[in-house]
Each structure stands twice: as C-alpha cells, then as structure tokens.
Amino acid sequence: MNQMTEMQQIAQKGIDQIHCAMEQIDWLRSTMHIVRERLQGEKDFQHLAKLLGLAIYNTDDWHNLLDCERESLENRLKVAEEMQQ
C-alpha cells in the first residue's frame, strides 16, 4: 500500500506538470493571437501574421496532445487505485 501511495504521488505530480504546461501554452497562444491580429492589418507584415497562424495551430496541437495524455494518465491512475483495493 505504501508503494502505491508513492506511485500515486509521482503520477499526480506528472499530471500537475501537464496542467502547468497546458496553461503556459494557453498564455503563449493568447499572446500570439493578439500579435497576429495587430499584424494582419499591416500590409508589410501579412506574411508574419500568417506565420503566427501556423504557430497558433502548433500550440493548439500541443495543447490537445497534452490534454489527451493527462486524461490517459488520470484514467490509468484510477484503474491502478481500483486494483489495489
């Protein structure tokens, strides 16, 4: 039981780190949205605005990947806890 508690703590810390990474990606994505919106109206910076669109797409993809991984870890942890009982 003590070993499971240690494993639960390790898993929860991993899940918490995923949450932190997702939040930082949200901040980055918000910043890029603001910059892209400001650049879209500027003729000389339209290509840069499109490049920011690609970066936003990539951050969305990473956010989704991390969210799926978080969900998988939470489900695996729940199953492991149920097996210990």
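All letters in the sequence shown, in the order written, are residues 6 to 90 by the numbering used here. Note that beta-carbon positions come from the ideal geometry of N, C-alpha and C, so glycine has one too. No experiment lies behind these values; they were computed from the predicted model shown.
- Nearest neighbour of M12 by Cα position, chosen from G46, L82, L71, D65, turns out to be L82.
- Taken in chain order, the whole alpha helix (DSSP H) runs of length 4 or more contained in the stretch 17-50 number zero.
- I61 is not a Cβ neighbour of R43, given a cutoff of 9 Å.
- The beta carbon of H24 sits closer than 8 Å to the beta carbons of R75 from its chain, once the five residues preceding and following it are set aside; these are given in chain order.
- Nearest to Q45 by C-alpha distance, out of Q89, T64, M37, A54, is A54.
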